[in-house]
Structures are given as structure tokens and as C-alpha cells.
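J.: Residue numbers (my numbering): 2 to 637.
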RNA sequence: GGUUCCAUAGCUCAGCUGGAUAGAGCAACAGAUUUCUAAUCUGUGGGUCGCAGGUUCGAAUCCUGCUGGGAUCACCA
């Protein structure tokens, strides 16, 4: 094994990976007026990628007098090198052959910098290999940093609204995608340096809850969650279904007696009753309010259990019953300043044709609100309450148009916050049997799904013979952790905006690109670390002159990307990017694990470096999974 | 019909602002356990990147058109 002499001294940070002060100043001056990828970053924290990029920019400028915007990509496996600079654009402007340009730059880089080990040129690709000690130092720096916590806290504040359930039925699979997305995006934004408020807007009023109320009043016989042995939300959901049954029966008999179907739908007594109840509710009828509070109370108890079980939470809960009348003042404001216009029937509209949208009603002729009216008011309220710089709505893509309209109106009303509004739109969750339809009873209930998955996790653990006492509290925690890990990862690994297929069998899979695979990887590492804890000081002392093998280097390579992955995931509101990264990291560790031993390694330097390395891998996995809302076990 | 999103291996999905021979997992087949957890690892087969043009040194990626699918186009929420 090669044993390179230590060329790194203790001032490495200020001298080696970072640019020398004088050099730095020259670069800044040099690139100030020009657009250069990396030079622009000099004020910020420098990572190895930026350093290399800047050095190439310098080289090109010195050699050819050209200002090139350099971007780098990891060198493909089939070529030698760490990073590749693609310079086809230079071939044209410099009118020289690719080989000549590549060699000129490569030679210059090697002669004038100490980071580079070698280079090779293939067509317009300059493959650069960095010296081993660069990677050791990258690792050393990583070990000194706290995982995922060096991003600063200076990006402002953001509100993430998600979940937003209706109080007439329990949560289903579609809600789970919403909840997991919302929670994860909140965590990611937080990690990226935002101050986050997690908000939930409960849809607790309206015709849907009145339907449940009417059905309960008619058929409920004073049933309670206790007497029925049902979670509150399921009990109320049951009466929502009862309503629908009775409604359909009434329609059928009306049609049999000669009504048209359209007429029957309007005149069915139970529907009339529901509408009357809504009216009573709006008039604050005490009896109605009492019933409403009772049923909603049950539902909230049920939701609370579900939220606790799936591990999501909120900092602020808004209730539509409090906010549904808001927005009318905005309508007045809009009329006053000419953003809105009024028709003869007194209804109020906005013309959004310039924005590529349509005319939109914002207030009915009788002065009552529509959906968008409420949302105008609620949006103002949210920004007023929290003074957030940004606001994210996690809502399904069936409301894409609604949010386009909402944001366009806010802009027209001159709300400064309008540019900070973002609709995180996600696709539907399909089942192998097709679309989920609540009316056809093909919805997958959230509570049921979670408990099924916990049971499966238990069964699989039993089958593997991994767990001794299946009934212990610790085991139960583990099964829940695995079940939720599988479910959350399955729903989050797909890019939010894409429609996705939920295959029950695949979702509880523990192999391949799954949550439990990553959880298992973490448990494996912790198992080693239990045998070989080592103080940080010792690791830092020893890594200096160690020669990394390819598997170790690959891990370092991935680990150093972690913070930028968080930034990217935050910028695109995409937990999927983080999920993919974490999978890649876990997989890479397992390759390392299959080929190298940590505790049985005879070379002490190697052993301690590996202990440090895998500790960092475990921390990164844990942190990243945490951002997905997934816990990882110490053993499994 | 207008608007909008999507289309990549048998299946489920990656593929960042255009870069080298398009990648994973599952499924199939063949291997690996005296060694820190085999819920792991290694290998094999599998592709008209929906179709057709365009932009250029270079396109799964950008533009246009077409086909297929989803969503939406309520004085519902």
C-alpha cells in the first residue's frame, strides 16, 4: 500500500483548500464585473468544487484571456478522474483543437496548483484527478462539522401549510402523501436556513360536515366513539357514508315516482335537511352548533391520534369556521382601487385575461363568499400573523388553477408577499386497481394502512428471526419505525408533481430502494460503532496521511455533497432529491461494507479513519432521513 | 374545445441549469456467508428515452407540431 508522506499542515483550511488571501483578492477584482460561476461564490463558504472551478477559470483567463463560466461534473466511472470540465465551447471561440486546449489547461493546472494529481483529455472533456490528500482533508473537514448544520440561519421565514383535512371523514392515502410532503418540506426548509411555521387549515364547516351531522341526527341513536368502539373520525366518516346511502335511496324512489334525476338530487329530503342545517349553522343556531362541536370534537380526537401515529405536527392550526368570512374587505379594497369590477347583479369579478387566465368571480351577487374569497382573506391573515417571507401551500394538482388565480389576484392587489407564494402541487396517488374514489369505497384508509404495515413489519422481522422478543416495547417501536419508514419513503421518493402508483406489496418491501433498506444500513453502522467508539480527537489526529481506497473515497465524495443536496431539495421543494441521495449513500456504504472490515482492520490508521468515516455516514443518513420525517433504528 | 401537467427497461422510478456507451430497484437467472447484521453484496439478460421535425460541435433534457393519459375550465370547496 502506498504511504504518501503527509503534506498537509494544520493551517490547511486557510492555505490549501481555500485560496490564499492575495490570490483571492486578485480573483475577486478580476472577476468582479464578469459573470463567473465560482468566483462569485468566493465570499461564501468554499467547498472543493468551487475551489477547483475557480482555479480552472483562472487558468483559462491566464492562458487565453477568456472569461469562461466553468461548471464541473463528476467524472464518469469509465474514465480516470474526479471531476470533468467540459470545454467544447472554448474549441469554437479559441479556434484550437480540443486536445491542445485540454492539454494546455491541464498542464497549467498541474504546474500552478497543488490539488491536482493528473489529468487526461478526451475530445472536449478535461478529466481532472485530485490528489489523495485533498480527499482526506475533505473528510477531515466533514468530521469537524456538525452534520447538516452549517447552512446558517439567514434565509428568512416561511410558512408551510399542509394536511388541511375535511372534518367529515378520516384521512386516506392521498392525505398521507400530502402530510409527508408537507412535513418533510418543512424540515428541509428549516435545515436550509429558513425559520419555518407548519400550518394546517382545517376545513371544519360547510355542506360536507352538515351531511354527517344530519345522518348522525337521523340514524345515530346517540352513538359515541366509546360506545361504537370507533375512532372519532371514523365514526363521523361512517355517518357521511350513511348520508350518501340514504341520499341515493331517496333519489331512486323519487325517480321511480316520476321525478327527473336532476330534480330528485335537489329535492331529496335528506339533502334539503343538510342544506337547512348549513343555514342554521350560519345563523349560529345553538342546537346545531352544539352538534357540530360534538362531531368535530370527535374528529379532532381521531385526527390527533393519526397525526401522532404518523409523526406529523403543526405549529399553528387555522379553522375555516373562523376564516370563511374573511376576504370581503379585500373585495371592497379591490373594488375601490379598480382591480375588481362589479356586474349588474352586484357580483364582483376580476379580469385576469392579461395573466393568461380568465375572468373570476370573487363575490356572489348576494354578497356571500366563494372559495377564492375565503382564501384571499386567509392568505392576508397568514402573512399578517407571521410576517413570513414565503408561504407554501401543499395542495393536490387538481387545484393548480385555483392557486394561479389566487396568486395573480394577490399581485394585482399589490401584496408585497405575493412573489413569495408557492403552490407545492403534487400528483394523485393511484392504486393498481385504478383511481381512488371515496364514493366507490376504493380509498385506502390511513389508519388501516399504517396498522397493516406495522403488522407486516412484525411478521417480516419474525420470519427473519431478527428480533427475539416480538412483544417488547422496544420491538413495537421498531416495527412502527420500519412500517412508517417504508411508507414515507415510498411516497416521498417520487417527485411531488408526478402522479404515482401505490402498490401495497411494493410499499412494504424491505429491499432495494426502500426506507427499511436505508434504516438497515444505519443499524449496521451503529452495530460497528458500538464495538468501536472512538473519540473525535483521535480520528482527527490520524487521518492526515492515509491513502483512501476507492470505496472510502466514494463515500467521502458523496458526503461532501450533502449540504448542497439540502439546498437543492429546499430550492425545489423536493424531498425526492433527498431520498435519492440518501439511498445512494446507503448503497455506497453497503458496497464498502462488503469489501472492507472496520474493526478487523489491522492498520490502525485505516481502522480509525473508517470509524470516523462510517460514523459520518450514519449521522448523515440519520439527518437526511430525519428531513424526510423518518426515524432510523440503532439495531434491527 | 381552451389551459396545464405527464410519457424513459416487463413493472415502479432516477437522470440537476443540454455533454462521453441513458441509470437504479423490483421481477428472472447465476453466484458470494471461517470475517463488524445476507433485511447485504457481485454478475447476466433486458431500451426506437411516446412519434415527427427543429435549434447545435452534441438533445431523454431546449423549441414546434402530433399521439396517448391526468387535472382543470362552477355564483362547490
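The C-beta atom is built at its ideal place from N, Cα and C for all residues, glycine as well. Since we're looking at a predicted model, the values are computed, not measured.
Give the range of the beta strand (DSSP E) segment to which residue 318 is assigned.
T.: 317 to 320
J.: Can you tell me the Cβ-Cβ gap for residue 390 and residue 197, rounded? I've got them flagged as a contact below 8 Å.
T.: About 11 Å; that fails the 8 Å criterion.
J.: So for residue 349, helix, strand or coil by DSSP?
T.: strand
J.: Among the candidates 280, 247, 587, 281, whose CA atom is the shortest distance from the CA of residue 266?
T.: Answer by Cα proximity: 247.
J.: To the nearest angstrom, how far is the alpha carbon of residue 103 from that of residue 426?
T.: Spanning the two alpha carbons is a distance of roughly 45 Å.
J.: Let me make sure I understand the geometry here. Which of 317, 290, 600 has the alpha-carbon closest to that of residue 162?
T.: Considering only alpha carbons, the answer is 317.
J.: With contact counted as at least three CB pairs below 8 Å, one residue from each stretch, are the stretch 256 to 264 and the stretch 234 to 242 in contact?
T.: no
J.: Quick check: what's the CA-CA separation for residue 558 versus residue 614?
T.: 11 Å
J.: If we call anything under 7 Å between Cβ atoms a contact, is residue 633 one with residue 590?
T.: no
J.: For residue 87, name the three-state secondary structure that DSSP assigns.
T.: DSSP, reduced to helix, strand and coil, places residue 87 within a strand of the structure shown.
J.: Are the beta-carbon atoms belonging to residue 269 and residue 244 less than 7 Å from one another?
T.: no
J.: Determine the direct distance from the alpha carbon of residue 181 to that of residue 492, and round the result to whole angstroms.
T.: 8 Å
J.: Do residue 95 and residue 65 have their CB atoms nearer than 7 Å?
T.: In this structure, residue 65 lies closer than 7 Å to residue 95 by Cβ.
J.: Pick from 79, 58, 172, 74: whose alpha carbon is nearest that of residue 68?
T.: For residue 68, the closest alpha carbon among the candidates 79, 58, 172, 74 is that of 58.
J.: Can you find at least 3 beta carbon pairs, one from the stretch 428 to 444 and one from the stretch 459 to 479, that sit closer than 8 Å?
T.: no
J.: When DSSP builds the beta bridges, which residues end up paired with residue 196?
T.: 158.
J.: Could you tell me which whole beta strand (DSSP E) segments of length 3 or greater appear in the stretch 92 to 161?
T.: The stretch 92 to 161 contains these whole beta strand (DSSP E) runs: 117 to 123, 126 to 131.
J.: Find the nearest neighbour of residue 623 within the set 62, 582, 456, 321, judged by alpha-carbon distance.
T.: 582
J.: Looking only at its own chain, which residues have a Cβ that is under 6 Å from the Cβ of residue 44, when we skip the five neighbours before and after it?
T.: At residue 44 the pLDDT is 35, less than 50, meaning the model places this residue with poor confidence and gives no usable figure here.
J.: Under the three-state reduction of DSSP, which class applies to residue 439: helix, strand or coil?
T.: Reduced to three states, the DSSP call for residue 439 is coil.
J.: Taking only three categories from DSSP, how would you classify residue 550?
T.: coil
J.: Residue 423 and residue 393: beta carbons closer than 7 Å?
T.: yes
J.: Check each candidate in 555, 625, 570 and name the one with the smallest Cα separation from residue 592.
T.: Closest option to residue 592, Cα to Cα, is 555.
J.: What's the C-alpha gap between residue 367 and residue 214?
T.: 26 Å
J.: Mind checking residue 379: buried by the 16 CB within 10 Å criterion, or exposed?
T.: Taking every protein chain shown into account, the CB of residue 379 has 16 or more other CB atoms within 10 angstroms, so this residue is buried.
J.: For residue 547, which residues of its own chain have a beta-carbon under 8 Å away from its beta-carbon, when the five flanking residues on both sides are left out?
T.: 137, 606, 607, 610
J.: Below 8 Å on the Cβ atoms is my contact criterion, and I expect residue 131 with residue 120 to pass it. Report the Cβ-Cβ distance as a whole number of Å.
T.: Incorrect: roughly 10 Å between the Cβ atoms, too far for contact.
J.: Smallest Cα separation from residue 386: which of 149, 200, 343, 61?
T.: 200
J.: According to DSSP, is residue 360 part of a helix, a strand, or is it coil?
T.: Residue state, collapsed to three classes: strand.
J.: Whole alpha helix (DSSP H) runs in the stretch 249 to 314 with 4 or more residues, listed along the chain?
T.: 262 to 268, 270 to 283, 287 to 311
J.: Can you tell me whether residue 173 is helix, strand or coil according to DSSP?
T.: strand
J.: For residue 424, does the three-state DSSP call read helix, strand or coil?
T.: strand
J.: Counting only the same chain and skipping the five closest in sequence on each side, list residues whose C-beta sits under 7 Å from that of residue 348.
T.: 362, 364, 365, 366
J.: Who pairs with residue 590 in a beta bridge, going by DSSP?
T.: Paired residue(s): none; residue 590 is not in a bridge.
J.: Three-state secondary structure (DSSP) at residue 66?
T.: The answer is coil: DSSP assigns residue 66 none of H, G, I, E or B.
J.: Assuming residue 139 and residue 49 are in contact, meaning their beta carbons sit under 8 Å apart, how far apart are those beta carbons, in whole angstroms?
T.: 6 Å
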